[in-house]
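Residue numbers (my numbering): 2 to 233.
The beta-carbon is built from N, C-alpha and C at its ideal position, and this holds for glycine as well.
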Ligand SMILES: Nc1nc2c(ncn2[C@@H]2O[C@H](COP(=O)(O)OP(=O)(O)OP(=O)(O)O)[C@@H](O)[C@H]2O)c(=O)[nH]1
Ligand SMILES: [Mg+2]
């Protein structure tokens with residue numbers, strides 16, 4: 002069994018996932034890749050099939066019974082535990098998460114971080130290409146969660162991160178099924194409560210070129226409610 006699993010959730014990301022998988026194969030041949038797709042209808046699944054036919058280290062799961070980023074990631078975490086990986090790298094498919102940062106995350110995990118977050122809100126990090134409104138939502142979500150939960154982490158919603166799988170194993174049964182990015186803060190909070198070593202490294206978030214965002218009002222609302230429930 003290999004050490005690293007890269008976990009990527011997808012929903013209608015055909016062009017992006019094709020580009021991303023090509024880069025990952027070139028840059029990180031030693032890592033395995035698992036894509037969790039929620040029955041995309043844009044040809045993403047065809048791309049996944051052809052890559053996994055050609056490269057044995059690329060696998061994918063198409064979910065037909067469930068939908069949503071949160072439960073897709075939880076499924077991926079469970080697979081990483083079941084398959085016995087030591088480290089898990091989680092990233093988006095839409096190329097907003099530059100794969101060159103994976104080596105930094107991997108190093109941090111080796112150095113002893115249980116969870117390492119690619120952070121847009123520490124020195125050296127930033128967001129390129131988001132609208133004012135999108136920035137505002139992200140900023141408010143982070144300030145809100147930091148105050149309510151009392152955690153010092155600056156970027157609680159970043160989906161580009163690395164886990165030590167043995168620590169993930171100790172929180173997996175506490176994770177509540179959520180649809181959207183509330184899962185990102187949920188995992189941080191559970192690990193923080195257990196006293197795990199959480200690190201942040203600076204990261205420049207890139208604009209989305211292909212495909213479209215899946216962020217909607219219900220996912221934003223879910224986040225604000227879920228944070229309250231976590232705390233109280
Ligand atoms: N499996 C699965 N993946 C999803 C779902 N919703 C989003 N994703 C994936 O999760 C990642 C993040 O979703 P995005 O819509 O890009 O969210 P975001 O990056 O916060 O928002 P943008 O900056 O607007 O793109 C992408 O790889 C999506 O394809 C879903 O319901 N199921
Ligand atoms: Mg995105």
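Does residue 232 come out as helix, strand or coil in the three-state DSSP assignment?
If DSSP states are grouped into helix, strand and coil, residue 232 belongs with the helices.
Considering only the alpha carbon of each residue, which of 146, 189, 227 and 173 lies closest to residue 82?
Ranking 146, 189, 227 and 173 by Cα distance to residue 82 puts 173 first.
Pick helix, strand or coil for residue 78, following the three-state DSSP scheme.
The answer is helix: DSSP assigns residue 78 an H, G or I state.
For the alpha helix (DSSP H) that contains residue 134, what are its first and last residues?
In the DSSP annotation of this structure, the continuous segment of the alpha helix (DSSP H) that includes residue 134 starts and ends at 133-150.
Compute every distance between the C-beta of residue 12 and the non-hydrogen atoms of ligand 1, then say whether any falls below 7 Å.
Checking the Cβ of residue 12 against ligand 1 gives yes.
Nearest-angstrom Cα separation, counted from residue 90 out to residue 161
Approximately 8 Å, taken between the alpha carbons.
Under 8 Å: do the region 108-118 and the region 151-167 share three or more Cβ pairs, one atom per stretch?
Verdict: yes, contact present.
So, are the CB atoms of residue 110 and residue 59 less than 8 Å apart?
In this structure, residue 59 does not lie closer than 8 Å to residue 110 by Cβ.
Could you spell out the range, first to last residue, of the alpha helix (DSSP H) harbouring residue 42?
Note, residue 42: premise wrong, no alpha helix (DSSP H); not H, not E.
Kindly list the residues whose CB is nearer than 7 Å to the CB of residue 225, restricted to its own chain and excluding five residues on each side of it in sequence; keep chain order.
Counting only Cβ-Cβ distances below 7 Å, and skipping sequence neighbours, we find 145.
Spatial neighbours of residue 94 within its chain, please: CB distance less than 8 Å, with the 5 preceding and 5 following residues excluded, ordered by chain position.
Cβ neighbours of residue 94 beyond the five flanking positions: 9, 10, 11, 14, 17, 18, 21 and 36.
Is it the case that the CB of residue 91 approaches a heavy atom of ligand 2 more closely than 7 Å?
Shortest gap from the CB of residue 91 to any heavy atom of ligand 2: 7 Å or more.
Can you tell me which of the three DSSP states residue 84 falls into?
Here residue 84 carries a coil assignment [DSSP, helix/strand/coil].
Between the CA atoms of residue 96 and residue 121 - distance to the nearest angstrom
Using only the alpha carbons, I get a separation of about 15 Å.
Assigned secondary structure, residue 5 (DSSP; H/G/I helix, E/B strand, else coil):
Strand at residue 5.
Since residue 207 contacts residue 156 with CB under 8 Å, what's their CB separation in whole angstroms?
Actually they do not touch by this definition, with Cβ atoms about 15 Å apart.
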